[in-house]
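Report on the following structure.
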Amino acid sequence: MKKIILLSLIFFTLVADSCKKALNVTPTRVVNETNTWNTIEDARAAIMGVYGLTRSALAENNGHWIYGDVRMGNFASPNRQDLKAVISNNLNAEYPVLNELSNWRRFYAIINAANIFMERIHEIKEKDARYTANNMTVDLAQVKFLRAFAYFYMIRIWGDVPFITSSREGTFENQPRSDQGALLNYVQTQMEEAATDMPYEYSRNDLQQPGLYYSRGNWSGILIKKLGAYAILAQVAAWEGKYTDVIRYTQKVLSEYTTRDDLSLTGTNTLTASNGFFYNNTSGGNDNQLFAFGFGWNDQEAAFTGNIESLALAAPVVNKNIPDIYVPKDSILSIFKEPGDGRFNVDTSGVTHSDALNAPNVKGYFTNFLGKYPIFAKIKCIMGGGIDNSFRLFSSAIVLTRLEDVYLLRAEAYAVLGENDLAIADLNTVRQERYNVDDHGLSQNDYVAYSAGSSGPLVDAIFRERQKEFMGEGDHWYDKIRMEKIKQSNPQFLQLISSGGIYWPISRDILAQNPLLTQNSYWK
Amino acid sequence: MRIIAIITFLGVLCTTTYSYGNTAMYARASNRIIIKGGAPLKYARKIGRDTVAKAKKDTTTSDSAIVVTASFKNAIATRLQSFTNNVDPDKLTSYPAVSLQQYLKGQAAGVYVNESTGEPGTVQNMFIHGTSQPLLSAREAYSTQPLVILDGVELVADHPFGFDIQQYKQNEIGPATNTLAFVNMANIESMQVLKGLEGTGIYGPKAANGVILLTSKGASKKRRITFDSYAGVATPQSVTTINGQFESNFRKQFYNKYTATGSFSNLDSYPLFLSDSLNNAFYGPSNWNDLYYGSQAIFGVNASISGGDERANFNFQLGDTKSGGVADKTALTRYNARFLLNMKPLNWFTFSAMVTANQLLRDGNKNVRDRLEQINYLPDLSTPLAPNKDVYSDYLSQFTKGFDKNKTNLFAGYVKAAIDLGNFKFVTSYNVDYNEGYRDIFYPRTLLQTTNYASDYFGYNIRTAVNNLATYDYKLNDDNKFNFSLGNTFEYDTYRYTYDYAYKGSTDFIKINLLNSDPNNVNYLTSQVFQSQLIYKFLDKTKNTQVAFYGKADYSFKDKYSLSAMLRADASSNQQPTNRWFYSPIFSAGWDLKKEFFAEKNDVSALKLQASAGRMGRYENFDNYAQGPQYTAFIGYAGNLITPGYSGLSTMTRPYTAGYVPYGLKWAYTDQASLGLDAEVLNKRLYLSLNGYYKHDKNMLLGIPSAAEYGYTSVIQNGMAVRNTGLDAVISGVILPSENKFSWRSSLNVNLNHNVLTALPGGLQQVAIGDKLLKVGSAVDSYWLLTNQGIYNTDAEVPVAGGKTMAYNGITLKTGDPKWKDINGDNEITNADKTLQGHALPTVSGGWSNDFAYKKWSLNLDFYYNLGRKVLNQEMANRFDFYNLDGANNISSVKEIFYWEKRGDYSKYPIYNPASSVDPYQVNQDLFLENASFIKLRTVSLGYDLTESLKKKIPSLHRFYIYASVNNVFTLTKYTGPDPELVDYTGYDNGYGMQIPRTYLVGVKLDF
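So the sequence lines, in the order shown, correspond to chains R and L.
Following our numbering, the numbering of the first sequence begins with 8 at its first residue and continues without gaps.
Following our numbering, the numbering of the second sequence begins with 62 at its first residue and continues without gaps.
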């Protein structure tokens, strides 16, 4: 009897043990806390995650362009009712895309991922000797920058937003909106701190980042680097109206870009080529994208949506009948009315020689100019950068800033501060790359410099130049606001600024979740 | 005695298996009892063809020498169940169904089957006693399905995890074939629906939504041959077609009313396909229906042979069935094979093994939507398919250059050994269910703007289980009888798929991903025809394990009173380690009133009362909740979910779009109680069964939209509770008994269900998720709608309060906008003015069956009905919303060929300004809500029994029965759309439901 009891006890232990084992199934679809924050590979996956989330936040529903280019901008929409509503600033109209774009969750995902990274990265430092102190410093700088960038982006869209700097795992308390002025100061400080810790280049034996970064040689156009951070800082300062800071930041970039980094201005043909400036080349060569998010063709990251091409391209560039957005002929003619412009020119007989597809020499922004819908084809990275028009898979990068932007920001700052000669010099630096064709579209050695007679007053000329240069890069809306603030001449728009009409409404879904939030007054 | 108890215990532990498995044994046992107990009225369905019933009995069980389970009949437990659970499989065979769901429709009170399309072999859902969760997506639909058990093998269904990589979630990647379409009713001896815990308890947490228990026909010691066959034709109903002229006229009224110039703004363009009235493709004859709709031959052949002796016997069965849809040449072909072997090497030892192998080949529809969703790429959609036959046939002919091979293989089997030592019995079994699906597709360039597409899918689901069960019968004296059981189960589920697809092959002639095969060449294993950047590959797997132990004690006193108590301990790998086990009790009791009060009265042949109450865990199907806070590789965004990483490097982030999973998630469970009465009175002429139930599913997980400022779409929390209460009733009467030349028996089953959400996580009173509002105190299947009261014909009609004109979400209402009711009186139309209305699932449903017999003739009429169900007519909303949909090149602007079919009642809807930014034709308003109650005559079948007349010539003949039937004869409904049944569980009728065909067939049933 005792034996039986003893035996049964042994069996019971065995069974209980096997139960436990059987019930611990390691999932292959998610990673739990025990299996992460252990190795250098985890650190790489986490920081790439923050980048990836930023890219997704900008690309989702083509937000970057709808916020920046479509809203009261150069574009018109033939058929898409939701885009028509955005164009006319009718942002609370009942369309799914508008509701999605008024939801800031995807930006807070960047912030949360960054917060978690900052809170947890020390664990890897402690566990994995391969993860060096320098690696951690550089990682933290980038993550800090991306978090600040997310705030900057949101502030431009919604104004005041909740300020969250910790992951607050599991106890997600609702927060009210914080004053955007204070937030912008925070953004600026954070970005400056981050920029200080960043190398000029990665894996190129920079003093601040010796050796190979995550064992990879080529990080061209993938990560935020020092001068990119300063370029974005210049955007932040300009948005705040702190033009002396703009000069300070732009100075840093413009004085070091040839010595410490390997950057150059981009010619018109490179800008518009389907495998040019906007195309992410796996072998590098994307350094001129100062801060950008690529959709690498060879990495299978090319996408059907999340790029300007999916909005703007149509026949004959790709096989789609009518574009979602296009620049009407009249607008093109009134925007690109200066002579000698490689991006768009038309001779006295009304013939354009800058066709984006067929121009023999300098290929410009537009094609099908004589059709009902001129196609904005400045950016057309179709699949692997070819001209195959049969499949609408695109690989252009989201470029947030480039040297031309920095030059024009400095010109803007100089102009605001009354240093007109310096401003004109910067403006001409950019013009040198663009106004260098004759009226038959042939390249010239000379360029048409700024003159008040043909280009208009300086501030207007600088912003007009921005409008042309960054068309389709998601900048126009913010440029327009800065311009109106500087010029103070358009009472209607100033009214829009003062009443908060330049912001987006906050999604009803968000308001329903967090009772501490209030709708932007303009959209109440 | 004590030793036996210990052996039992050890036996259970050693084998480390579980199961109250052997459920099949259980079921078979209980059925036999019912039959011997004097044919209760549920079987009286067969009056008028009593011989049939007898013949059937002959061929099935009465002469089975060895049935492993025979030793396990537990009289007490059987007494605790209602007769209403049983569905008669023999009768069902006259309906040419291919899926279990179709067979069950309208047959059992409390089972609601949602057949949302007549396309054969597609996934169908069923709900026992309402839904226990709001049906937000395929995940919830999956989690609310009952467990189906075939001969003790718990069947595994396709897991919805494939949806995670899909932008468009209409059909899951892979075959998307109904895995229950293999059930061959001709081969099923009994089918039971277990609804309450008294029946489902022994099957554990996977059975929380109810159980459908199928028992196949067994072996026999005499040689038996059966042959069943039917052949027929599925025919479409006629439709009215329209062409471009009709559509253009329809649209013109909007332009006439709201525009002076014929366009809403100078940017508008009238769609190309309507702008040229000389275009014969669109403006010519609309005769596409000749090619789209068509009759199809259907048939079923089934044969079985069984034989052996008292020590060993077998049953072997083969079947071939073809079912056809009436549109797009859809079809399902099925091959069945099954082999059963029983052996009794020793008097106290029996051994039994079964294996069934089935293949389903499905020809799916050619819908543009389904194809584009598969391809995951939208071409320019501005020109739809043309209604002209010649143009359409040209389009159809493109499909012949490619293929869409859809194959599912399903295997199930068990090995069982039983020891019978008189009072002590022990059974152990090993069960396997394995399904594999293949889908290979090639679409040529001509179908997609010069881009071709190839894809390959292979996926499998496997469930293996080891079950042990020991029982001990103890008879204290004649009055006091006990039965003790102890069992356990180990069950392992694995779901896995590999999937790849590629675009833009260099030629249409190589339709597969051919790889370079020379290992010495640098291009070894690269693709010959597809660019490597355009080949997308996926691999996914999810596994879970369930362990259960349970004990059960049954007691009966004088066979009048029965009591049963059960205690379960369940564990699942899908629960967090800190809350892995769930313990639950179940009690049931029965009282035989017939023996108590009417023992001497013969006209009361049965009268009993049963009650049960208990709690059981609900199985969690998703493995991520077990992990607590977690990280995923998902880095995509709407429109591009499959982004593999950032710059070629994999990423690891929180599951922001799937929702935050905290620590401390607990088991969800169901509290259930039922009270039932079965009565058979008036000399067995009236049978009545009433079963009131209370089913309260508690502590369920719900992703509450919150923490947006922390990046999450939602936070997963315990605490949702949904209560379903209701009544199942069956009333059958022999109106004219079978002694007469002419007999008539009628049987009505009805389920009344009341669904209410009783709690939300964190004490919330309501939460909006997408288009749905979940509100404590209201049903989870209600629609959340604006109330439409007409139209504002002028700006002046729009109400003004406090100097402010009424607005819709901040947009001032104008001429031509809908007059929505301002429920909260704030002079603004917002979500606060939406109310919960109607139900997507019926509140009353069931069937009504009539059997007439005259001499050897029998006639059966079977009705099916749904009441108290409403449907949102999305298709009509889309028709009227043409202005927005044409502009959007997205999946909802796809127009199918049946866009050119006239459906719905156009006159019901006001002519709003379609260009208004308030979205006047949004579907979520009561303008599109319609009463979808209906009653259908599902089957009329006429049969003649030739057995007796032929028996003289062929003495070995047991049965010779011929029949003819017409199915889906007519539908009575107020619904203005095509068919109120053809709407999925969401209740939005998108018009994609294919007609359920009317079929005409003749059949024969032969037993030797």
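Where a beta carbon is used, it is the ideal one built from N, C-alpha and C, also for glycine.
In DSSP terms, what residue i is bridged to
i                 : result
Tyr693 (chain L)  : According to the sequence shown, residue 693 (chain L) is Thr rather than Tyr. Thr693 (chain L) pairs with L:Thr714.
Met415 (chain L)  : L:Leu401, L:Tyr475
Ile366 (chain L)  : L:Ile286, L:Phe377
Arg557 (chain L)  : L:Tyr521, L:Lys602
Lys1149 (chain L) : This structure cannot settle anything about residue 1149 (chain L), because the visible part of chain L is limited to 62 through 1069.
Lys619 (chain L)  : BP columns for Lys619 (chain L) are empty, so no partner.
Lys132 (chain R)  : Lys132 (chain R) is not bridged to any residue.
Reduced DSSP category for residue i - H, G, I as helix; E, B as strand; rest coil
i                : result
Asp252 (chain R) : helix
Glu800 (chain L) : coil
Val324 (chain R) : coil
Leu668 (chain L) : strand
Phe485 (chain L) : strand
Gln495 (chain R) : coil
Thr277 (chain R) : helix
Leu814 (chain L) : It is Asn, not Leu, that sits at residue 814 (chain L) in the sequence shown. Three-state result, Asn814 (chain L): strand.
Pro169 (chain R) : strand
Spatial distance of residue i from residue j (CA atoms)
i                : j                 : result
Asn396 (chain R) : Tyr229 (chain L)  : 25 Å
Ser84 (chain R)  : Arg438 (chain R)  : 30 Å
Val272 (chain L) : Ala392 (chain L)  : 29 Å
Asn3 (chain L)   : Leu628 (chain L)  : Residue 3 (chain L) is absent from the model: chain L starts at 62 and stops at 1069.
Tyr926 (chain L) : Gln168 (chain L)  : 11 Å
Thr382 (chain L) : Leu749 (chain L)  : 36 Å
Trp511 (chain R) : Pro1039 (chain L) : 42 Å
Ile123 (chain R) : Ser978 (chain L)  : 41 Å
Val217 (chain L) : Asp554 (chain L)  : 8 Å
Pro8 (chain L)   : Ala840 (chain L)  : Nothing can be reported for residue 8 (chain L), as the shown portion of chain L is limited to 62 through 1069.
Ile67 (chain L)  : Ala479 (chain L)  : Caution is warranted here: a pLDDT of 40 is assigned to Ile67 (chain L), below 50, making its placement in the model unreliable, and the coordinate value is therefore given only provisionally. Cα-Cα distance, rounded: 18 Å.
Asp732 (chain L) : Ile234 (chain L)  : 35 Å
Leu946 (chain L) : Leu847 (chain L)  : 21 Å
Asp942 (chain L) : Pro981 (chain L)  : 8 Å
Lys103 (chain L) : Ser793 (chain L)  : Any reading at Lys103 (chain L) is ruled out, since the residue's pLDDT is 36, under 50, leaving its predicted position unreliable.
Leu518 (chain R) : Leu524 (chain R)  : 6 Å
Beta-carbon neighbours of residue i, restricted to chain R and to distances below 9 Å
i                : result
Asp894 (chain L) : The premise fails here: Asp894 (chain L) is roughly 13 Å from chain R at the closest Cβ pair, so nothing lies under 9 Å.
Beta-carbon neighbours of residue i, restricted to chain L and to distances below 8 Å
i                : result
Asn326 (chain R) : Pro440, Asp441, Gln510, Thr511
Asp516 (chain R) : Pro766, Ala769, Ala829
Partner residues on chain R for residue i, Cβ-Cβ distance less than 8 Å
i                : result
Gln594 (chain L) : Trp304, Asn305, Gln307, Ala309, Met390, Gly391
Ala632 (chain L) : Cys26, Leu30
Val608 (chain L) : Cys26, Ala29, Leu30
Partner residues on chain R for residue i, Cβ-Cβ distance less than 7 Å
i                : result
Thr712 (chain L) : Ala52, Met55, Gly56, Gly59
Tyr644 (chain L) : Within chain R, no residue comes near Tyr644 (chain L); the closest Cβ sits about 14 Å away, beyond 7 Å.
query = Can you list, in chain order, the residues of the region 80-91 of chain R whose Cβ is nearer than 8 Å to any Cβ on chain L?
reply = Ala83, Ser84, Pro85, Asn86, Arg87, Gln88, Asp89, Lys91
task = Residues of the region 972-1003 of chain L with a CB closer than 8 Å to any CB of chain R: list them in chain order, please.
result = Ala976, Ser978, Val979, Asp980, Gln983
Residues in the region 24-47 of chain R having any Cβ partner in chain L nearer than 7 Å = Ser25, Cys26, Ala29, Leu30, Asn31, Val32, Pro34, Thr35, Arg36, Val37, Val38, Asn39, Glu40, Thr43
Chain L contacts made by the region 115-128 of chain R, where a contact means CB separation under 9 Å = Tyr115, Ala116, Ile117, Ile118, Asn119, Ala120, Asn122, Ile123
query = For the region 210-233 of chain R, which residues have a CB atom closer than 7 Å to at least one CB atom of chain L, in sequence order?
reply = Ile229
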